[in-house]
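Notes for the one structure printed next.
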Amino acid sequence: MATARPEDDFNFALYGAKAFGYATAIVTAGAAVSVWGVKTFMGVKDTQEFAERMRTLVRTKMPVLSSRIHRPLAEEDHTATIWNDPVCVDVPYTVVNEASEQTEWAWPDAEKRLEVAYERDGFSGWAQAVLEELEAEGRAERRKRGHE
1173 MATARPEDDF NFALYGAKAF GYATAIVTAG AAVSVWGVKT FMGVKDTQEF
1223 AERMRTLVRT KMPVLSSRIH RPLAEEDHTA TIWNDPVCVD VPYTVVNEAS
1273 EQTEWAWPDA EKRLEVAYER DGFSGWAQAV LEELEAEGRA ERRKRGHE
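For the sequence shown, the numbering used here begins at 1173 and goes up steadily by one.
And the structure:
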């Protein structure tokens, strides 16, 4: 007759769940202590106050970083593309023309330009026009806020 050995009673699932529970508790406690420590050190009460304090800190202590964050986009910054074809990457698709840059960006005008792009070049032309419109809207918003 076989006798039961102690290693036969080892339950891998139970020990795995126990280890996972301990690891989760340690990570949760570490995160809570870290958040509490930063909150206490900075003297903030909520996330809005923390965000404002961090913006001020970046603006005053790291002016180079701040100027890079809020600088106007240059032409070489245009890296957004939906094409995988290397031939299409360098082809500019301009739906937002110079005349529309002189006037304030508006959604009805953008909608018309997107419609024209879709009729002219299909979905791929429309998608490229969407990227152009998003950039134009961003430039208009930065101009409104005085960042350009």
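Note that beta-carbon positions come from the ideal geometry of N, C-alpha and C, so glycine has one too. On a predicted model such as this, the values are computed, not experimentally measured, just so you know.
Proximal residues to residue i (C-beta, below 8 Å), its chain only, five neighbours per side dropped
i	result
Val1216	Phe1222 and Arg1225
Val1302	Leu1286
Range covered by the alpha helix (DSSP H) that runs through residue i
i	result
Glu1307	Trp1279 to Arg1317
Cβ-based neighbour list, residue i, same chain, cut-off 6 Å, excluding 5 preceding and 5 following
i	result
Ser1238	Val1230 and Arg1231
Tyr1187	none
Lys1190	none
Gly1193	none
Cutoff 8 Å: residue i Cβ touching any chain B Cβ
i	result
Gly1209	Although the question refers to chain B, the structure presented lacks it and comprises just one protein chain.
Option in the options with minimal Cα separation from residue i
i	options	result
Leu1325	Gly1318, Asp1281 and Arg1292	There is no way to answer for residue 1325, as the model of the chain reaches only from 1173 to 1320.
Ranges of the alpha helix (DSSP H) found wholly within the stretch 1195–1245, counting only runs of at least 4:
1219–1233 and 1235–1241
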